[in-house]
Amino acid sequence: MIDVVVVGAGPAGSAAAAWLAAAGCDVWLLERAHFPRPKPCGEFFNPGCVRELAALGAWPQVEAASPQPHRHWRLVSRQGRLFTVSAADLGVEATPAFALSRERFDAALAGYAVRCGARLLEGWNVRGPLLDGRGRVVGVGARVAGRLREVRARVVIAADGPRSVLARHLNLLRPVPRYRRFGLVTRYETEGPAGEPALEMHLGPTGGYCGLAWQGPGIAHLAMVVPATELSRKLSGRVGEYFTEALARYPLLGEQRQRRRRGPVWTTGPIAWRTRRQAWPGLLLVGDAAGFYDPFTGQGITFALHTARLAAEATLAALARPGDDWEALRAYERQRAAWLRPKIALQVAIQAVLARPWLAERAWERLGRRPSLATRLLAATADVVPVEEVLNRSFLAALFA
Ligand SMILES: Cc1cc2nc3c(=O)[nH]c(=O)nc-3n(C[C@H](O)[C@H](O)[C@H](O)COP(=O)(O)OP(=O)(O)OC[C@H]3O[C@@H](n4cnc5c(N)ncnc54)[C@H](O)[C@@H]3O)c2cc1C
């Protein structure tokens, strides 16, 4: 029986393992893949993420992987209206956003967890929880090189990402049927960036959008999000072709950007889902394993890192109360909701506006004319200021009235 088993060595799992190992716990970090491994993602890390990494002590490890700093955001509407915001506007010039491949980022963070004392086991495909007679999670079962293995732990942290196998076994997963979208990601060799690299977000003609982050000179990483209807109509077996066609329909992304694709187009989805609970006797769900809504604001990794921190705190409290840890674990659920709910509410509000092209154009026109509004909105989505700064009557009136 060890202290903690963390399932999944993405950002959430590695961060939770690092926090707990640094606090002196015996932690096993089980990962299905072998590093370096890809993960479909926009590969953009917002300023809030930089702060989380610094708090964890992992920033030097990530910096050593050569992230590409991004000091500008450029947001383009369907009709080609655009507004820009800079890191200086947001007051985060010293800790700007960055882009980095997930192969390198995730390997660096898992390496940091190991440095903190966690035991990383790659090639461990966790199949489900081990339960005691009262339904408490007491460990996990995994398939390792064709053999079944069991690991028992006082607390299990599920950080196994989208459609978590542990959440599924405990019947905690719920779909979000009214918001069915898929992600397509790939990389281009292209010209640019012209000037300093900027994160570009472009609204698309069919209700989706496309983000572009520079991995370095001449390498653009693109992440497109499309409604499920679009995907089923156009995609069967022609993902690469579909991506190229769809890209050409973006007013400021089209021709000049689609030079040479550097790799496959990865698809992922449905993107949105939720969980009925995020704490269970003996188990906590963190990062995407606990749910995800939409990547437009580029906050997913920050959410993963922050919820990992909250889960680590709750786990330490739980380990201090053997036999009576339920309140400590449940506290995580409340703290997560208090921190995350307003941020998801803002994402839902943004998507509601984007779904109405006339309203989105009006918002873009205002944001272009009134830089202070654009700065406040971006500061909220960059996790630099509280969401309440923009989800209030006066801000919404200034934007839409
Ligand atoms: C199209 C798209 C674009 C995005 N762009 C961005 C962006 O630009 N910026 C941003 O901040 N966020 C973005 N996100 C969100 C971001 O990718 C996630 O929020 C983030 O990866 C969550 O981290 P995680 O550690 O919870 O899960 P993951 O990163 O999914 O990691 C889960 C880990 O668990 C492992 N695992 C899974 N199952 C098992 C198992 N059974 N046994 C053992 N290991 C297992 C996986 O191999 C993986 O290593 C995007 C999401 C999508 C869909």
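When the letters of the sequence shown are read in order and numbered with the numbering used here, they come out as residues 1024 to 1424. Even for Gly, the Cβ is constructed at its ideal location relative to N, Cα and C.
The Cβ atoms of F1106 and L1113 do not sit closer than 7 Å to each other. Taking each of P1185, E1356 and R1204 in turn and checking the Cα distance to A1337, the smallest one comes out for E1356.
At the C-beta level, A1246 and V1208 come within 7 Å of one another. Taking the CA atoms as reference points, A1046 sits about 24 Å from A1360. Counting C-beta atoms within 10 angstroms of its own C-beta, R1283 has fewer than 16 neighbours from the protein chains shown and is therefore classed as exposed.
Spanning the alpha carbons of R1197 and R1344 requires a straight line of approximately 31 Å.
In the structure shown, the three-state DSSP call for Y1265 is helix. For F1319, the secondary structure class from DSSP, reduced to helix, strand or coil, is coil.
Set against 6 Å, the gap from the CB of G1031 to the closest heavy atom of ligand 1 is smaller. Around the C-beta of F1423, fewer than 16 other C-beta atoms lie within 10 Å, and the residue is accordingly described as exposed. The alpha carbon of L1400 has as its nearest neighbour, out of R1170, L1414 and R1094, the alpha carbon of L1414. Burial is judged here by how many other beta carbons sit within 10 angstroms of a residue's own beta carbon; V1371 has fewer than 16 and is exposed. T1330 is positioned such that its CB atom lies no closer than 7 Å to that of G1305.
Contact check for V1108 against T1398 passes: the beta carbons are separated by less than 7 Å. The beta carbons of A1039 and A1351 sit no closer together than 7 Å. Classified as exposed, T1252 has fewer than 16 neighbouring CB atoms from the shown chains inside 10 Å of its CB. In this structure D1129 is buried. Its beta-carbon is surrounded by 16 or more other beta-carbon atoms within 10 angstroms. Under the 10 Å beta carbon count, M1024 is surrounded by fewer than 16 other beta carbons and is classified as exposed. For the alpha helix (DSSP H) assignment, the uninterrupted runs of no fewer than 4 residues enclosed by the region 1279 to 1360 are, from N- to C-terminal side, 1323 to 1342. Judged by beta-carbon spacing, R1125 lies within the 7 Å limit of K1062, meaning their Cβ atoms are closer than that value. For T1290, the Cβ stays outside the 6 Å cut-off from all heavy atoms of ligand 1. For R1127, the three-state secondary structure derived from DSSP is helix.
Here the alpha carbon of F1266 sits roughly 8 Å from the alpha carbon of V1288.
Under the DSSP assignment, A1056 falls outside any alpha helix (DSSP H); it carries neither an H nor an E label.
By the criterion of at least three beta-carbon pairs nearer than 8 Å, the region 1129 to 1139 is in contact with the region 1074 to 1084.
Within the region 1183 to 1226, complete alpha helix (DSSP H) segments of at least 4 residues are found at 1188 to 1192, given in chain order. Per DSSP, A1402 lies in no beta strand (DSSP E); the unbroken alpha helix (DSSP H) holding it starts and ends at P1394 to T1404. Note that the region 1313 to 1324 does not touch the region 1169 to 1177; fewer than 3 beta-carbon pairs, one per stretch, sit closer than 8 Å.
Contact between G1241 and T1213 holds: CB atoms are separated by about 6 Å, below the 8 Å threshold. Beta-bridge annotation (DSSP): C1233 is paired with H1225 and M1247. Within the region 1053 to 1122, the complete beta strand (DSSP E) segments of 3 residues or longer fall at 1091 to 1093, 1095 to 1099, 1105 to 1109 and 1120 to 1122, listed in chain order.
Per DSSP, R1416 is one residue of the alpha helix (DSSP H) stretching across R1416 to F1423. Ranked by Cα distance from R1055, the options G1169, Y1211, R1364 and A1386 are led by G1169. Contact between W1349 and S1100 fails: their C-beta atoms lie close to 49 Å from each other, not under 8 Å.
If you compare the alpha carbons of Y1202, F1418 and P1380 with that of R1393, the shortest gap goes to F1418. Not one heavy atom of ligand 1 is found less than 6 Å from the C-beta of V1410.
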